[in-house]
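**Q**
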Amino acid sequence: MIGQVLGGKYTLLSTIGEGGMGAVYKAEAPGGERVAVKVLSVEALATDETVLARFWREADAARKIDSPHVTRFLDRGKDEASGLPYLVMELLEGEDAQQLLDRLGPLSPDLAVRIALQVLDGLAIAGGEQGLGLGH
């Protein structure tokens, strides 16, 4: 799919990760902004109404979250040429938790608590709460 343009807007540049339902790609949006595009690329799933409804619910839920601890949702759509549904999110650069652990080994209690507070703050906001404001 690299090089494909989804929705007439998002040029897929490279694969970030793959799973059982599809893949996430680094892409270029109109204006040159780099974004992450999650594509439900397993055809049997992309046409299953139950799976598709869950995919759109994920987009609707993500759209409502405004937190520095949760990836920002930007767009969603269904590519006309391929029929594949996709979600567009901000592209975050850096290392994931496993990479951090591989690099640092066991985390100090202070760092572990700071990370946990940020996660909890994001989860609180995602769950419809105000958030604690402790993890900044």
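All you need for the numbering used here is the position in the sequence shown, starting with 1, plus 858.
Beta carbons: idealized from backbone N, C-alpha and C, even for Gly.
Please read all numbers here as calculations on a predicted model, not as lab measurements.
Report the option in A887, I973, E951 whose CA atom is closest to the CA atom of L932.
**A** The option with the nearest alpha carbon to L932 is A887.
**Q** Can you tell me which of the three DSSP states R961 falls into?
**A** Here R961 sits in helix by DSSP.
**Q** Identify which residue in L965, L950, L864 has its Cα closest to the Cα of Q956.
**A** For Q956, the nearest C-alpha among the options comes from L965.
**Q** So, are the CB atoms of V882 and K867 less than 8 Å apart?
**A** Against a cut-off of 8 Å, the Cβ pair of K867 and V882 comes out as no contact.
**Q** Of all the options L949, G963, Q976, which has the alpha carbon lying nearest to the alpha carbon of S872?
**A** It is L949.
**Q** Measuring CB atoms only, is the segment 913-933 touching the segment 973-987, in the sense that at least three cross pairs come out at less than 8 Å?
**A** Taking 8 Å as the limit for Cβ pairs, the verdict is that the segment 973-987 does touch the segment 913-933.
**Q** Flag this pair as yes or no: are the beta carbons of L870 and A894 separated by less than 8 Å?
**A** Contact: no.
**Q** Leaving out five residues on either side along the sequence, give the residues of the same chain with a beta carbon under 8 Å from the beta carbon of Y944.
**A** The residues are L864, G865, Y868, V895, K896, V897, L898, R934, G935, K936, D937.
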